[in-house]
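Enquirer:
Now the structure itself:
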């Protein structure tokens, strides 16, 4: 579960320093793609600092350290592996309650709410909804790479579970709605006053 307090603690720990996916992600148990998608972290994609420049605690022990050395092979992908805390991340570091609003604004929120219109949905229904959204994007002549990976969907579902929106049932195969934020509520049916 992506506990909001755990996310807040991670953002406090990062502060103005560099956050490395290889160190912080396993320790915090929170997917950095989700945190970036929520606007809490900003990936460093150019001038990525070597590990010793930001005092990584894994210095000399990390299998990825050589990837960031100044003389590293330039073909080795380095993007989306080191991050800085974004302004929204500083806000959540001060108040974890902001995560509820940020989650409701995330690109997956409407997809999840739509799949849960009937009150319940299987994780397979959610994965299918994600695939259909990706296919629609491709058919519209857009990106061929998925906008959201299933791993990020899983992390988002764990976050909204921790926020009290949903509850996993049937050994984690089904989600049941507990509450949805106001902007994601389905429109009310026609009034029966006549």
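Numbering (the working numbering), first residue to last: 653 to 846. Just so it is clear, CB atoms sit at the ideal spot from N, CA and C, and this is done for glycine as well.
#1: Could you work out which residue in 695, 687, 717, 817 is closest to residue 734 when comparing CA atoms only?
#2: Counting beta carbon pairs with one atom in the segment 770-779 and one in the segment 824-832, are three or more of them shorter than 8 Å?
#3: Which residues in the same chain as residue 760 place their Cβ atom closer than 7 Å to its Cβ, once the five residues preceding and following it in sequence are excluded?
#4: Relative to the C-alpha of residue 683, which candidate in 714, 712, 732, 707 has its C-alpha closest?
#5: Among 803, 746, 716, 788, whose alpha-carbon lies nearest the alpha-carbon of residue 689?
#6: If we call anything under 8 Å between Cβ atoms a contact, is residue 736 one with residue 670?
#7: What does a CB cutoff of less than 8 Å around residue 658 pick up in its chain, not counting 5 residues either side in sequence?
#8: What did DSSP end up calling residue 819 once you bin it into helix, strand or coil?
Expert: Let me lay it out:
#1: To locate residue 734, count along the chain shown from 1; it is residue 82. Cα-wise, what sits closest to residue 734 is 695.
#2: yes
#3: Reading the chain shown from its first residue, position 108 is the one you call residue 760. So the qualifying residues of the chain are 800, 805, 808.
#4: Translated into the one-based positions of the chain shown, residue 683 becomes position 31. If you compare the alpha carbons of 714, 712, 732, 707 with that of residue 683, the shortest gap goes to 732.
#5: Sequence index remark: in the chain shown, residue 689 carries index 37 (1-based). Cα-wise, what sits closest to residue 689 is 803.
#6: Within the chain shown, residue 736 is the residue found at index 84, counting from 1. Within the chain shown, residue 670 is the residue found at index 18, counting from 1. A Cβ-Cβ contact shorter than 8 Å links residue 736 with residue 670.
#7: Within the chain shown, the letter at position 6 stands for residue 658. Take residue 658, set aside five residues on each side of it, and the residues of its chain with a beta-carbon closer than 8 Å to its own are 680, 681, 682, in chain order.
#8: Numbered from 1 along the chain shown, position 167 holds the residue referred to as residue 819. Correct three-state label for residue 819: strand.
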